[in-house]
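Residue numbers (our numbering): 2 to 52. Backbone N, C-alpha and C define an ideal beta-carbon position, used for all residues, glycine too. Below you'll find the structure, written out as structure tokens, and then a few comments.
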């Protein structure tokens, strides 16, 4: 019984690890989006300076 319980807890920890990996990817995507918006604002500032 104890062996089966440890196997189940191992699977649960593996699933939680996958969830944390997914949340990590989501935060990375949001970071890329904010970087793109910063680049766009920088381009608009350069255009206004040129004009």
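Look at the alpha carbon of residue i and the alpha carbon of residue j, and state the distance between them as a whole number of angstroms.
i	j	result
residue 35	residue 41	10 Å
residue 17	residue 48	47 Å
residue 20	residue 50	46 Å
residue 28	residue 15	20 Å
Identify whether residue i lies in helix, strand or coil by the three-state DSSP scheme.
i	result
residue 3	helix
residue 17	helix
residue 52	coil
Given residue i, which residues of its chain have a CB within under 6 Å of its CB, disregarding the five upstream and five downstream residues?
i	result
residue 30	none
Excluding the 5 residues flanking residue i on each side, which residues of the same chain have their C-beta closer than 8 Å to its C-beta?
i	result
residue 44	none
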